[in-house]
Amino acid sequence: MAVAGFGLLLTGPLKGWDRSENVLNRSLQETRDGTWDSVTALWSHIGNTEIVIGTCVVAVAVVWWRTRRSWFALIPALAVSLQATIFVTVSAVIGRARPDVPHLDPAPPTSSYPSGHVGASVALYGSFAIMGTTIERAWLRRTVIGVCTVIPVLVAYARLYRGMHHLSDVVVGAINGLVCAGLAAGCLVHQRGGRHA
20 MAVAGFGLLL TGPLKGWDRS ENVLNRSLQE TRDGTWDSVT ALWSHIGNTE IVIGTCVVAV
80 AVVWWRTRRS WFALIPALAV SLQATIFVTV SAVIGRARPD VPHLDPAPPT SSYPSGHVGA
140 SVALYGSFAI MGTTIERAWL RRTVIGVCTV IPVLVAYARL YRGMHHLSDV VVGAINGLVC
200 AGLAAGCLVH QRGGRHA
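Residue numbers (this note's numbering): 20 to 216.
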């Protein structure tokens, strides 16, 4: 698996990369103040497991009720589940240390690589954006896709700002989430013969 392979490189032959990535984390640390600490705490919280799962459950229920298409409603649930499986497995195997800066969030038991917060938020909101492409009203479609694109970016910035991840953790987490969202949508739409909501 590519995610695990790159992680092994980061903790092996490319271990020195941590030092160059820590430069970014330290520069973000220097910009910290009370206001941004509070704002980024909210953004980071959006990617918490309980928030992602709760949002996913509500969204699945509402979409299922509104469309009567279970296969369509289950896209985010499948995407988040796939992402979580990859994240937990790779995190346990790689065990990368978090950046060498003060951490503003409690560190979960998982390692720094890849970012679970970013992966989960990209999987969830990426799924919503994919589903949003089927909305007929142009202004609503653009709004949904725009909001769902911005939210994971805010989560990613918050995790970097708060010293919880290296840049590569965030990038790989985002790729993991995006691929899982695409696979979930592609798999479920294909099962229904390519029909959209």
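For each residue, glycine too, the CB sits at the ideal point set by N, CA and C.
- In the displayed model, I154 falls within coil according to three-state DSSP, outside both helix and strand.
- Given a length threshold of 4 residues, each whole run of the alpha helix (DSSP H) inside the region 88–157 is given here in chain order: 89–92, 94–113, 135–151.
- Ranking L197, L186, H185, V81 by CA distance to the CA of T168 puts L197 first.
- Exposed is the label assigned to G53, since fewer than 16 other Cβ atoms lie within 10 Å of its Cβ.
- Contact check for P95 and V79: beta-carbon distance about 6 Å, within the 8 Å limit, so the pair qualifies.
- Straight across, the Cα-Cα distance linking T86 with S63 is about 31 Å.
- Cα atoms of G135 and M183: separation of roughly 11 Å, rounded to the nearest angstrom.
- Under the DSSP assignment, L27 falls in the alpha helix (DSSP H) whose first and last residues are 21–30.
- Between V76 and V191, the gap from beta carbon to beta carbon reaches 8 Å or more.
- For T30, same chain residues with a beta-carbon under 8 Å away, outside a window of 5 residues either side, are I113, G114, R115, Y132 in chain order.
- When secondary structure is reduced to three states using DSSP, R161 falls in the helix class.
- Exposure of P127 is indicated by the presence of fewer than 16 other C-beta atoms within 10 angstroms of its C-beta.
- Apart from sequence neighbours up to five positions away, the residues of its chain that approach V71 with a beta-carbon distance below 7 Å are V99, A139, S140, L143, ordered along the chain.
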